[in-house]
Amino acid sequence: MFLTRTEYDRGVNTFSPEGRLFQVEYAIEAIKLGSTAIGIKTKQGVVLAVEKRVTSPLLEPSSVEKIMEIDEHIGCAMSGLIADARTLVEHARVETQNHRFSYGEPMTVESTTQALCDLALRFGEGDEESMSRPFGVSLLIAGHDEHGPSLFYTDPSGTFWQCSAKAIGSGSEGADSSLQEQYNKASYTVASNPFYFFEHFNSSIFLRLAVDNF
Numbered sequence: 001m002f003l004t005r006t007e008y009d010r011g012v013n014t015f016s017p018e019g020r021l022f023q024v025e026y027a028i029e030a031i032k033l034g035s036t037a038i039g040i041k042t043k044q045g046v047v048l049a050v051e052k053r054v055t056s057p058l059l060e061p062s063s064v065e066k067i068m069e070i071d072e073h074i075g076c077a078m079s080g081l082i083a084d085a086r087t088l089v090e091h092a093r094v095e096t097q098n099h100r101f102s103y104g105e106p107m108t109v110e111s112t113t114q115a116l117c118d119l120a121l122r123f124g125e126g127d128e129e130s131m132s133r134p135f136g137v138s139l140l141i142a143g144h145d146e147h148g149p150s151l152f153y154t155d156p157s158g159t160f161w162q163c164s165a166k167a168i169g170s171g172s173e174g175a176d177s178s179l180q181e182q183y184n185k186a187s188y189t190v191a192s193n194p195f196y197f198f199e200h201f202n203s204s205i206f207l208r209l210a211v212d213n214f
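So the sequence shown is numbered by the UniProt record's numbering: it starts at 1 and just counts up by one.
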């Protein structure tokens, strides 16, 4: 018995004959419609910036929260479905506090990212309705621990990478291209004014994030 393309689409844990999980691919595509978020690591720390989209004059700009604190030494920026991001962030907050209570020390940025991705990998398990699809969000997780400043990037597949600089969201292609051409960790410091930091890049995305959209 052979499955049709539609049946492969519906099954979050069903691979197509080409070895693809379509639901994960759709979640990754959804992120490309989200606000642009950028993370840049320096010798002193990590700078995060997110485009703030205010789609209506009736919307209170302060309610658009796309950079969140996970622990006192870890924060994250997001692009995609904000409700999904909040679920992941709340899980990460519980994990970091449990670790601090159990071991008397802060959780490393990499371990926090791993715990968050472990949850992202659980889509489709059992009959839990809340986990019936991949999370439609990508995160830039930044922090400072015993290993120094760290920046990690996660996607809906539960995969994560450590980066020196990374952009996600609708403007990620152009932003990543600019970062690859111009980024030099040794030449940057975390200035007291993050707007000035991003004005070093010759890209409208960075200028828009830095000047108009915080």
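We put the CB at the ideal spot given by N, CA and C, even for glycine.
Please read all numbers here as calculations on a predicted model, not as lab measurements.
For residue 99, same chain residues with a beta-carbon under 7 Å away, outside a window of 5 residues either side, are 107 in chain order. Segment contact: the region 167 to 175 against the region 112 to 122, fewer than three CB-CB distances shorter than 8 Å; contact not assigned. As the crow flies, the alpha-carbon of residue 97 is around 22 Å from that of residue 82. Judged by DSSP in its simplified three-state form, residue 102 adopts helix. Between the region 130 to 147 and the region 75 to 91, the count of Cβ pairs shorter than 8 Å is three or higher; the stretches touch. A residue is called buried when at least 16 other Cβ atoms come within 10 angstroms of its Cβ; residue 153 meets this threshold and is buried. If one requires a minimum length of 3 residues, the beta strand (DSSP E) runs lying completely within the region 36 to 84 are 37 to 41, 46 to 50, 67 to 71 and 74 to 80, in chain order. In this structure, 23 is the residue among 33, 52, 18 and 23 with its C-alpha nearest to the C-alpha of residue 121. In this structure, residue 51 lies near residue 35, with their beta-carbon atoms less than 7 Å apart. With a threshold of 16 other beta carbon atoms within 10 Å, residue 105 falls short and is exposed. Considering only 161, 15 and 142, the residue with the shortest C-alpha distance to residue 72 is 142. Every alpha helix (DSSP H) of 4 residues or more that sits fully in the region 143 to 185 is shown, in chain order, as 172 to 182.
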